[in-house]
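J.: Using our numbering, the first residue of the sequence shown is number 178, and each one after it goes up by one.
We treat Cβ as the ideally placed atom computed from N, Cα and C, and that holds for glycine.
Being a predicted model, the structure only gives us computed values, none of them experimental.
Below is one structure. I have some questions about it.
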Amino acid sequence: MPTSPQSETVAPSALSTFFARLRPHFAALDSLLHEQLDSFEPEIRDLALYCVDTSGKRIRPALVFFSGWRGDEHVAPELVRVAAVVEMVHLATLVHDDIMDEADVRRGRTTASRKFGPETAVLLGDALFAHALSLASEFPTTEVCRHVSVSTRRVCAGEIMQTLAPAAAVRDLAYYRRVIDLKTAELFAVSCYLGARLSGSEVPEAHAIGEFGRHLGTAYQIYDDMADFTGDETSFGKTLGTDLASGKTTLPLLLLMEKLPADDADALRGELRAHDASKLRLRVHQMAELDVFSDSLRALRHEIDSGLLALDTVVDRDTSLLRSLAALLVDQAATLRPGAA
């Protein structure tokens, strides 16, 4: 069965250094998340704890904090609370993703699906979703719950698209972009929007900051897809080549198919349909030979540029940290090259 830890793969040293200023914010977030466990029934509390403790870089909560930034030491309770909501939704999606991917390991730990069984894990993911919405409903306005509910539905719709698509179909670029907009970019967008709104931004500026988040989320997914064919597994914390092995048609693979001769492209489509990664080294070599990563990086930079244009309309809030995070992602992506895999 495939082992497919996903996402959270921006190079640890650079991201850890940048996020160091969020240490008090993350400490408050961790405390609140663990407090929430008391609301779960005693019989499933340890299962929920297992999911909460499987934490990555917490990029989505970081976007909440940076979008509503008030200073390194100013930890706003309302931002911590909405960060917990978004993180709990994200954790629920990971539990469900691992069931459908039949993944054994995520972030170096046995997945909830493998540890507790898929039947239990799907209900555990549902419980996390439900509690996230319960927590969102505690805000004095319905805006938070409304936006989180819509985003949760959209994330689930992206997963359904992948699940219901014919197994023999190799997806095109439009399909790829639609799925990542729903599955990845949506939570980035709502994190930015709510962080800004809860810190006093008017709706138009919050929407602009949310639009930045959407483009950043798309760029982040492109980065993650590039990283699946680069570097070493220790650096990125994931098994390389899992997208090919699980039949996921990502941007590097789509661009490679466009550049290969017709017969080779058909063969690669067949490998994707069969979930066959036996020729991974060949495909990585072809990516290097045909300069696939330059084209991928160009697409990533286009997303970042579009996001920065949205931020240019924001005049009443300091967006420098969001801009720095975008620049960091571009810099890290520029270091990626097809590796030995």
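How is the alpha helix (DSSP H) around Leu498 delimited, first residue to last?
T.: Stepping through the sequence shown from its first residue, residue 498 is reached at position 321. Unbroken alpha helix (DSSP H) run through Leu498: Ser497 to Ala511.
J.: Can you tell me which of the three DSSP states Thr427 falls into?
T.: Here residue 427 refers to the residue found at position 250 of the sequence shown. The answer is coil: DSSP assigns Thr427 none of H, G, I, E or B.
J.: Skipping 5 residues on each side, what residues in its chain have a beta carbon closer than 6 Å to that of Leu312?
T.: Walking along the sequence shown from the start, residue 312 turns up at place 135. Correct list, in chain order: Val262.
J.: Quick check: the Cα distance between Pro182 and Pro219, rounded to an integer number of angstroms?
T.: Walking along the sequence shown from the start, residue 182 turns up at place 5. Walking along the sequence shown from the start, residue 219 turns up at place 42. For Pro182, the predicted structure reports a pLDDT of 37, less than 50, and the residue's modelled location is therefore unreliable. The matter cannot be settled from this model.
J.: Along the chain, where does the alpha helix (DSSP H) containing Gly233 start, and where does it finish?
T.: Within the sequence shown, the letter at position 56 stands for residue 233. First-last for Gly233: undefined, no H or E at that position.
J.: How many angstroms separate the CA atom of Pro295 from the CA atom of Ser497?
T.: The residue you call residue 295 lines up with position 118 of the sequence shown. The residue you call residue 497 lines up with position 320 of the sequence shown. Those two C-alpha atoms are separated by around 43 Å.
J.: What three-state label does DSSP hand Pro381 in the structure shown?
T.: The residue given as residue 381 occupies position 204 in the sequence shown. Reduced to three states, the DSSP call for Pro381 is helix.
J.: Measure the CB-CB distance between Ala383 and Ala396 and report whether it falls below 8 Å.
T.: Within the sequence shown, residue 383 is the residue found at index 206, counting from 1. Within the sequence shown, residue 396 is the residue found at index 219, counting from 1. Not in contact: Ala383 and Ala396 (Cβ atoms no closer than 8 Å).
J.: By how many angstroms is the C-alpha of Ala444 removed from the C-alpha of Gln398?
T.: Taking the sequence shown and counting its residues from 1, one reaches residue 398 at position 221. Taking the sequence shown and counting its residues from 1, one reaches residue 444 at position 267. Approximately 25 Å between the Cα atoms of the pair.
J.: Here's the rule I'm using: 16 or more other beta-carbon atoms within 10 Å means buried, otherwise exposed. How should Val491 be labelled?
T.: Walking along the sequence shown from the start, residue 491 turns up at place 314. Val491 should be labelled buried.
J.: Check whether the Cβ atoms of Pro254 and Leu206 sit closer than 8 Å, and answer yes or no.
T.: Here residue 254 corresponds to residue number 77 of the sequence shown, with the count starting at 1. Here residue 206 corresponds to residue number 29 of the sequence shown, with the count starting at 1. Not closer than 8 Å, so no.
J.: Can you give the Cα-Cα distance for Lys234 and Arg331, rounded to whole angstroms?
T.: Sequence index remark: in the sequence shown, residue 234 carries index 57 (1-based). Sequence index remark: in the sequence shown, residue 331 carries index 154 (1-based). Cα to Cα, Lys234 sits roughly 23 Å from Arg331.
J.: In the DSSP assignment, what residue or residues form a beta bridge with Val519?
T.: The question about residue 519 has no answer, for the chain in this structure spans 178 to 518.
J.: With DSSP run on the structure shown, which of helix, strand or coil describes Pro317?
T.: Within the sequence shown, the letter at position 140 stands for residue 317. Reduced to three states, the DSSP call for Pro317 is coil.
J.: Taking the alpha-carbon positions, what's the Val461 to Pro429 distance?
T.: Taking the sequence shown and counting its residues from 1, the one referred to as residue 461 is at position 284. Taking the sequence shown and counting its residues from 1, the one referred to as residue 429 is at position 252. Their Cα atoms are separated by approximately 10 Å.
J.: Would Leu310 pass as a contact of Val325 if the rule is Cβ separation under 8 Å?
T.: Counted from its first residue, the sequence shown places residue 310 at position 133. Counted from its first residue, the sequence shown places residue 325 at position 148. Yes.
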